[in-house]
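Heads up, the thing below is written out as structure tokens.
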Amino acid sequence: MDVYQGAVSALVPFFVADRDYSYAAASGVVLAASLLSSLVQPVFGALTDRRRMPWLLPLSTALAGLGIGLSGVSRSYPLTLLAVALAGVGIAAYHPESARVARIASRGSHTAMGWFSLGGNIGFALAPALVTPVVGAGGLGATPVLVVPAALGTALALFAVRSGSGAPRRPAPGGPGPAARRDDDRRSFVRLTLAIVCRSVVFVVLGSFISLYARQRTGGGTTAGAVALFVLYAGGAVGTVVGSALAARWNRVRVVRGSYVASVLAVAGVVLVPGPALYLFVALASAGLYVPFSLQVTLGQDYLPSRVGTASGVTLGLAVSVGGVVSPAVGALADATSLRTALLPLIALPALGWLLVRPLPEPPTPPQRHGS
Numbered sequence: 054m055d056v057y058q059g060a061v062s063a064l065v066p067f068f069v070a071d072r073d074y075s076y077a078a079a080s081g082v083v084l085a086a087s088l089l090s091s092l093v094q095p096v097f098g099a100l101t102d103r104r105r106m107p108w109l110l111p112l113s114t115a116l117a118g119l120g121i122g123l124s125g126v127s128r129s130y131p132l133t134l135l136a137v138a139l140a141g142v143g144i145a146a147y148h149p150e151s152a153r154v155a156r157i158a159s160r161g162s163h164t165a166m167g168w169f170s171l172g173g174n175i176g177f178a179l180a181p182a183l184v185t186p187v188v189g190a191g192g193l194g195a196t197p198v199l200v201v202p203a204a205l206g207t208a209l210a211l212f213a214v215r216s217g218s219g220a221p222r223r224p225a226p227g228g229p230g231p232a233a234r235r236d237d238d239r240r241s242f243v244r245l246t247l248a249i250v251c252r253s254v255v256f257v258v259l260g261s262f263i264s265l266y267a268r269q270r271t272g273g274g275t276t277a278g279a280v281a282l283f284v285l286y287a288g289g290a291v292g293t294v295v296g297s298a299l300a301a302r303w304n305r306v307r308v309v310r311g312s313y314v315a316s317v318l319a320v321a322g323v324v325l326v327p328g329p330a331l332y333l334f335v336a337l338a339s340a341g342l343y344v345p346f347s348l349q350v351t352l353g354q355d356y357l358p359s360r361v362g363t364a365s366g367v368t369l370g371l372a373v374s375v376g377g378v379v380s381p382a383v384g385a386l387a388d389a390t391s392l393r394t395a396l397l398p399l400i401a402l403p404a405l406g407w408l409l410v411r412p413l414p415e416p417p418t419p420p421q422r423h424g425s
């Protein structure tokens, strides 16, 4: 599924090259996918708090693939936006239900949730490797080929749902065990959400423009940009695993704080350092931004133990993709000045995220049961 969320950013350089989109127009494509996804994902989260909806998994996978597959077919800008918005709806429908199921299956383990998030990060990393050869060889008209992974994913999801492995039959409203009976800590959840918004803006904007920026800073071509985007997404997979390992030694909030501090320096390197060293800082920024990713999901669920689906919808949806709403403003600033100038404000956002998470408490986690 997440390969299609990464595919939007991977397609941006091709829209710029083949259709002469400005930075603002190109970032509008990212906005179309992110805005609708951000708005409806918490709604799906609230729905999954009320009832089990495993059928969302195959349906959402099919919608995401269909949207990306149609995105390059028409040269009409509004139709392109409509196609990626359809993909955004599919992505929005998938995450709350999948995260709720993963939460129950993992019995509240943030380490297990880290492995769940790793799959999504690998999907992100594979997006440039999937999109670049297909669209590079066949042009934007070849985007229907990108539906193939969705077809396979839909078939697998249907099999899982029909075999009864898509979700437990009678889940508790807030997750397993006593966690559902704890009081919600809404104040901490709001602070965490605002911090994730800061992280989202940095990651989504970098995902939108890093291909173009790498070509400028290194003097390379399309391949140089695709490599930078791959490093950005692949570093996230590493960061997720590292974050889970660190949280097993220290508590989650402490790891999240440290990751935001490290991200300030890494993002500064991405924006300011020219030449091949850019790739090193892209990898460091990616890892720093993704170390807290799965930890923030479980923190949100533990701050709202009676609304696990809603918490998942916000932490994986509204807060994670809301960065796309900022992308057009960054694109417009880049058109008026330069891309480097437009990216400079990103350096301050991880610092703001650190200020937001600094006073957060470490919530109790659900007891991990070994029975079914």
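Just so we're aligned, residue 54 is where the sequence shown starts under this note's numbering, counting upward by one.
Don't be surprised by glycine CBs; every beta carbon is placed ideally from N, CA and C.
Note that the coordinates shown come from a computational prediction; the quantities given were computed from them, not determined experimentally.
Taking a C-beta distance under 8 Å as the contact criterion, I175 and A290 qualify as a contact pair. Taking a 10 Å sphere around the C-beta of S129, we find fewer than 16 other C-beta atoms and assign the residue as exposed. For T196, the closest C-alpha among the options G353, W407 and A63 is that of A63. Following the DSSP letters along the chain, one finds D388 inside the alpha helix (DSSP H) bounded by residues G376 to A389.
Closest in alpha carbon position to T394, among L209, S253, A182 and Y266, is Y266. Taking 8 Å as the upper bound for CB-CB distance, S391 and V65 are not in contact here, some 17 Å apart. Of Q269, V137 and V317, the smallest CA-CA separation from S124 is found for V137.
Between L331 and R268, the beta carbon gap of about 11 Å keeps them out of contact (Cβ cut-off 8 Å).
Residue range R239 to T271 is occupied by the alpha helix (DSSP H) that includes S241. Between S312 and P345, the gap from beta carbon to beta carbon is short of 8 Å.
The beta carbon of L348 lies closer than 7 Å to those of H163, G296, A300, R305, V308 and V309 in the same chain, with the five residues before and after it left out. By the beta-carbon neighbour count (other beta carbons within 10 angstroms, threshold 16), R411 is exposed.
C-alpha of A117 to C-alpha of A180: approximately 13 Å in a straight line. Secondary structure of S316 (DSSP, three-state): helix. Rounded to whole angstroms, the gap between the alpha carbons of V324 and V188 is 28 Å. When the five nearest sequence neighbours on each side are left out, the beta carbons in the same chain lying within less than 7 Å of the beta carbon of G406 are those of A248, C251, R252 and Y313, in order along the chain. Closest in alpha carbon position to L318, among A298, P329, S339 and Q58, is S339. Within the model, the alpha-carbon separation for G366 versus V350 is close to 9 Å. Per DSSP, reduced to three states, the secondary structure at V361 is helical. Here the alpha carbons of R103 and V335 stand approximately 40 Å from one another. Collapsing the DSSP output to three states places P95 in a helix. With a contact defined as Cβ atoms closer than 8 Å, G143 and T114 qualify at about 7 Å.
Between G194 and the set R72, S87 and P111, the nearest pair of CA atoms involves R72. In the structure shown, S216 falls within a coil segment according to DSSP collapsed to helix, strand and coil.
Excluding its 5 nearest sequence neighbours in each direction, G288 has C-beta neighbours in its own chain below 6 Å: A336, S339 and A340, listed in chain order.
Measuring C-alpha to C-alpha distances from V201 to each of L119, Q94 and T276 identifies L119 as the nearest. The C-beta distance from R360 to D238 rounds to 12 Å, too long to fall under 8 Å, and the pair is not in contact. Distance from the CA atom of L183 to the CA atom of A382, rounded to whole angstroms, is 28 Å.
Taking the C-beta atoms as reference points, A70 is found no nearer than 8 Å to L134. Within the same chain, and ignoring the five residues on either side of G353 in sequence, the residues whose Cβ sits closer than 7 Å to its Cβ are F242, L245, A364, V367 and T368. Close CB contacts of L397 within its chain, under the 8 Å cut and outside five residues either way in sequence, are with V324 (chain order). Beyond the five residues adjoining it in sequence on each side, G322 comes within less than 6 Å, by CB distance, of F334 in the same chain, given in chain order.
When rounded, the separation of the alpha-carbon atoms in V379 and V254 is 7 Å. A79 places its beta carbon 8 Å or farther from that of F97. Between A204 and P111, the CB-CB gap reaches or exceeds 8 Å. Here A281 is buried. Its C-beta has 16 or more other C-beta atoms within 10 Å.
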